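**Student:**
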Amino acid sequence: MTALGRMALLLLALTVIAGPAQANDDWGHALTGAASHLWAALPDETRVAVRPLDPDESGLPEPLLVEVERALTAALLATAPAGAAVLARRDLPALWEEAVSFTGGLPRDLLTDAAVDALVVPTVGARDGGLSVSATLIGLRDAGLGEVLATLPPTFLAADLATVDVVEARSGARRLGVGLAEGLRLAVGPGSAFAVRVERRGPRGPAADWFAAMVAEHLVQRLAAPPLYVARPLRRLGEAPAARVVVLHLELWDQGSRLDAQAKARMGSAEAHGTARIALTSIPQGFLPLTRKGGRVGEGLYRAVGHFAPAHRTDPREIRFAARVLARAALIEDGLGQGGGTRRAAGAADIATAMHSLTRAIPFEEIWQDGAEEGGAAQQLAARLARLGGGGAPRVDAAVERALYQPGDRLSARVTVRGGRAYLAAYAWQADDTVVRIAPSDRAARLLEADRRADLPGPRDAQVTAAPLPGSVETLEALLLVASAMPFDADALAPAAGATAEGSLAAAAQMSAFLDALAALDLSRVSLAVLPYRTRAAE
472 MTALGRMALL
482 LLALTVIAGP
492 AQANDDWGHA
502 LTGAASHLWA
512 ALPDETRVAV
522 RPLDPDESGL
532 PEPLLVEVER
542 ALTAALLATA
552 PAGAAVLARR
562 DLPALWEEAV
572 SFTGGLPRDL
582 LTDAAVDALV
592 VPTVGARDGG
602 LSVSATLIGL
612 RDAGLGEVLA
622 TLPPTFLAAD
632 LATVDVVEAR
642 SGARRLGVGL
652 AEGLRLAVGP
662 GSAFAVRVER
672 RGPRGPAADW
682 FAAMVAEHLV
692 QRLAAPPLYV
702 ARPLRRLGEA
712 PAARVVVLHL
722 ELWDQGSRLD
732 AQAKARMGSA
742 EAHGTARIAL
752 TSIPQGFLPL
762 TRKGGRVGEG
772 LYRAVGHFAP
782 AHRTDPREIR
792 FAARVLARAA
802 LIEDGLGQGG
812 GTRRAAGAAD
822 IATAMHSLTR
832 AIPFEEIWQD
842 GAEEGGAAQQ
852 LAARLARLGG
862 GGAPRVDAAV
872 ERALYQPGDR
882 LSARVTVRGG
892 RAYLAAYAWQ
902 ADDTVVRIAP
912 SDRAARLLEA
922 DRRADLPGPR
932 DAQVTAAPLP
942 GSVETLEALL
952 LVASAMPFDA
962 DALAPAAGAT
972 AEGSLAAAAQ
982 MSAFLDALAA
992 LDLSRVSLAV
1002 LPYRTRAAE
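Residue numbers (my numbering): 472 to 1010.
(1) Using the DSSP secondary-structure output, state which residues sit across from L950 in a beta bridge.
(2) Suppose the cutoff is 8 Å on Cβ atoms and the five residues either side in sequence are ignored; what does the same chain contact list for A916 look like?
(3) Measure the CB-CB distance between L694 and V717 and report whether it falls below 9 Å.
(4) Using 8 Å as the threshold, is the region 637 to 653 in touch with the region 743 to 760, meaning 3 or more CB pairs across them?
(5) Out of G601, A597, L623 and G596, which one is the CA nearest neighbour of I609?
(6) Just reading off the beta strand (DSSP E) that G847 is part of, what are its end residues?
(7) Give me the Cα-Cα distance between T830 and P698, rounded to the nearest whole angstrom.
(8) Please say whether P865 and G891 have beta carbons closer to each other than 9 Å?
(9) What's the gap between the Cα of R672 and the Cα of A696?
(10) Please state if the CB of T626 and the CB of A501 are separated by a distance shorter than 9 Å.
(11) Which whole runs of the beta strand (DSSP E) in the region 793 to 844 are 3 residues long or more, in chain order?
(12) Starting from L738 and walking both ways along the alpha helix (DSSP H), at which residues does that stretch end?
(13) Among all the DSSP beta bridges, which residues are the ones paired with A750?
(14) Would you mind sorting S728 into buried or exposed? The rule is 16 or more other CB atoms within 10 Å of its CB.
(15) Quick one: grab the DSSP three-state call for A565.
(16) Hey, how far is the Cα of E533 from the Cα of A542?
(17) State whether the region 788 to 800 contacts the region 864 to 883, with contact taken as three or more CB pairs (one from each stretch) at a distance under 8 Å.
(18) Go to F682, then tell me how far its alpha helix (DSSP H) extends in each direction, as first and last residue.
(19) Going by DSSP in three states, V716 sits in which element: helix, strand or coil?
(20) Less than 9 Å between the beta carbons of R522 and V592, yes or no?
(21) For S603, write down the residues that DSSP places opposite it in a beta bridge.
(22) G860: which of V935, T517 and I833 sits nearest, CA to CA?
(23) At what residues does the alpha helix (DSSP H) containing H500 begin and finish?
(24) Whose C-beta lies closer than 8 Å to the C-beta of M685 among residues of the same chain, with five residues either side of it excluded?
(25) Tell me, to the nearest whole angstrom, how far the beta carbon of A775 is from that of G818; I am working on the premise that it is less than 8 Å.
(26) Along the alpha helix (DSSP H) that carries T905, what are the first and last residues, could you check?
(27) Taking the straight line between their C-alpha atoms, what separation do you get for A658 and V667?
(28) Kindly indicate which three-state DSSP category E742 falls into: helix, strand or coil?
(29) How about V888 and D926: are their beta carbons less than 9 Å apart?
(30) Would you report the Cα separation of S507 and L986, rounded to the nearest angstrom?
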């Protein structure tokens, strides 16, 4: 199909809708703020169109993308000013034959006939626990043809992506390449085409290099083609596209029956992220087995920085601890293709949020370098990364007994294992970045049957009380619950807590050593729960 034919297809697929689309109500509500921001960039009585989402650009199944389109359309309708109109995908199969056979007219004529003033170009990607939706508003009228009128930061939509379709390797590579290209184009120049050279980064290996080469091929081809949603002036059609360099970082994760691909592409200061799930049966036999026990294919070292500047003066050990929590969170986000690199915070709530990053992956073989900044601390981290969980990992529901502990209060958590039995051990992550074991009292992890609730520490364990660091008024700490489908030596991760707060600090293992020991387990069958809590000195 010619470029003109594709433009005709796009516009004919946009049909005025008179009422709210049938969409996920929660998603529509979540996108209301974004929709209001788009309308604010436009004059009254404007007609906007929503560009249909392409499954090849996100690696997500089309039915899910249609629901996102409907939710965005519903949000636009709910916030539209008087006299405005919204156009969206409808009756596409009926228009397909007519659109393919269309051969006449210039892009500007097509836009005029459709009476569209601006085009909303949404972008959707998979994120931990849901979807990330962003959008760019493109002008389609007169002097503003192809102009970027507004851009939206990502909006999170909660979704269960466990059922996202697993595709063949070549299809997954195309989805990633196209999606990364469109993400970069929107960030750098929505109306531009680029002649790019790709530089490869990330863990190397035969399977990873083979897959990355296919992703790069589609990325290069997509960026070299003029975008469908911006009509470029005819005088520019013969111009050579701008030459740029794209840095492609790719990781593969062996999940047993499938392979998860995590990709990040960078063009200058712009970044795009993408994921794809690949059927292991579509990987050439010469590359198998990918790994002995599952996890990341290849090795790599990540780097991150955590900056913590507390609002109030506190113990230097706590400041250093908080900066390390932030650095680990930034490194994990970077390794999972979700940004990262540097993370800053000034409050305990931000530190508690950062702690939860360890439920997805853990750094190990950590190399730390201390830094200093006015009123706080900076911690620079270089480490390898291991992803937690897989099809064989237990699912654990857990909560600490209370959010705030005072001296003498017994530290405990209630735990329930879902979907199968698990071997459990509980550890206190103390505010000086050390770890002690609070359960079990003996070396072997405790077995808990499926759907049975238990308290840790249990009746046979030593009763551990919580207390802030000596000399501190209040500290933030966390309970770490390790759940494994296979037995493991709980004492190998960290020693038992002491009889007093000072004794526990003296006996504790460094968090880095705890993570190294945890990384030695079969992490495809391990899950980690992180339960932050505060300890406050007696008044």
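Note that beta-carbon positions come from the ideal geometry of N, C-alpha and C, so glycine has one too. This structure is a prediction, so every number in the text was calculated from the model and none was measured.
**Tutor:** Based on what the coordinates show:
(1) Per DSSP, A899 and L1002.
(2) Within the same chain, A916 has close Cβ partners Y894, L895, A896, V953, S955, P958, F959, D960 and A961.
(3) Yes, the pair counts as a contact, with Cβ atoms nearer than the cut-off.
(4) Taking 8 Å as the limit for Cβ pairs, the verdict is that the region 743 to 760 does touch the region 637 to 653.
(5) Nearest of G601, A597, L623 and G596 to I609, Cα basis: L623.
(6) Annotation for G847: the continuous beta strand (DSSP E) segment containing it runs G847 to R858.
(7) Distance between the alpha carbons of T830 and P698: 39 Å.
(8) For G891 and P865, yes; Cβs fall inside 9 Å.
(9) Here the C-alpha atom of R672 lies approximately 24 Å from the C-alpha atom of A696.
(10) Result yes, Cβ atoms of A501 and T626 sit closer than 9 Å.
(11) DSSP runs (the beta strand (DSSP E)) wholly in the region 793 to 844: 813 to 816 and 832 to 844.
(12) Note that residue 738 is Met in the sequence shown here, rather than Leu. No alpha helix (DSSP H) contains M738, which is instead part of the beta strand (DSSP E) from R729 to M738.
(13) Bridge partners of A750: R729.
(14) By the neighbour-count rule (16 or more Cβ atoms within 10 Å), S728 is not buried but exposed.
(15) Its pLDDT being 32, under 50, A565 is placed unreliably in this model, and the coordinates cannot settle the point.
(16) Their backbone Cα atoms lie some 14 Å apart in a straight line.
(17) Verdict: no, contact absent.
(18) Run containing F682: P677 to A695, per the alpha helix (DSSP H) assignment.
(19) Note: V716 maps to strand in three-state DSSP.
(20) Going by beta carbons, R522 and V592 fall inside the 9 Å limit.
(21) By DSSP's assignment, S603 forms a beta bridge with G596 and F627.
(22) Checking every option, the nearest Cα to that of G860 belongs to I833.
(23) In the DSSP annotation of this structure, the continuous segment of the alpha helix (DSSP H) that includes H500 starts and ends at D496 to A501.
(24) Excluding the 5 residues flanking it on each side, M685 has same chain C-beta neighbours closer than 8 Å at A640, R641, A644, R645 and G648, in chain order.
(25) 20 Å between Cβ atoms; not a contact.
(26) It is not in any alpha helix (DSSP H) - T905 instead sits in the beta strand (DSSP E) that spans T905 to A910.
(27) So the alpha carbons of these two residues sit roughly 15 Å apart.
(28) Three-state result, E742: strand.
(29) With contacts defined as CB atoms closer than 9 Å, V888 and D926 fail to qualify as a contacting pair.
(30) The alpha-carbon atoms of S507 and L986 are separated by roughly 45 Å.
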